[in-house]
Amino acid sequence: MLAASPQSCPAANSAAALRLIRSAAWVSAYAQTQAADLVNRSAAALFAAGQDCGEAANIAKLLSSEAAWQAAEAAMQTHGGYGFAREYDIERKWRDARLFQIAPISTNLILSYIGEHVLGMPRSY
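Following this line, the structure appears as structure tokens:
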């Protein structure tokens, strides 16, 4: 009896596709985290030098909150239904990551700051 090749087995293709999608989510979350770290360090250097760091600090907060949310989503997706079980501690990280987008400064206020002070757009609120 011949073994089925991955190309002839839809289940194998589905499993491989699912692994690829999950790994892409983790890679994307990692890349976003690294980008947020770079901007955060830039903001810290500007602050330490006594220069205006509002743009870099707000962009760092925005990128960090989005990176945390994407990583939490990837963790929740990877764990599936177990992600909601308290024993795995994913649900708490998922909730906490969402909190970073609304506190202490919401994403909308950050976008308003960038639009008004960096891009010179009219005040939107």
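Under the numbering used here, residues 280 to 404 are what the sequence shown spells out, in order. Backbone N, C-alpha and C define an ideal beta-carbon position, used for all residues, glycine too.
- [ ] Might you give, ordered along the chain, the residues of its own chain that have their beta carbon closer than 7 Å to the beta carbon of M280, omitting 5 neighbours on each side?
- [x] Summary for M280: the model assigns pLDDT 39, below 50, so the residue's position carries little reliability; its value from the coordinates is reported in the next sentence. If we look at M280 and ignore the five residues flanking it on each side, it has no Cβ neighbours.
- [ ] May I have the straight-line CA-CA distance separating W373 from E352, to the nearest angstrom?
- [x] 7 Å
- [ ] Determine the contact status of Q311 and A346, defining contact as a CB-CB distance below 7 Å.
- [x] yes
Open item on the list: Once the 5 residues before and after I389 are set aside, which same chain residues still bring their CB inside 7 Å of it?
Closed with: Closer than 7 Å at Cβ, skipping near neighbours: N337, K340 and L341.
Task: Residue closest to E395, alpha-carbon to alpha-carbon, out of I381, T357 and G333 - done: G333
Open item on the list: Mapping the DSSP letters down to three states, classify M400 as helix, strand or coil.
Closed with: DSSP places M400 outside both helix and strand once states are collapsed to three, so it counts as coil.
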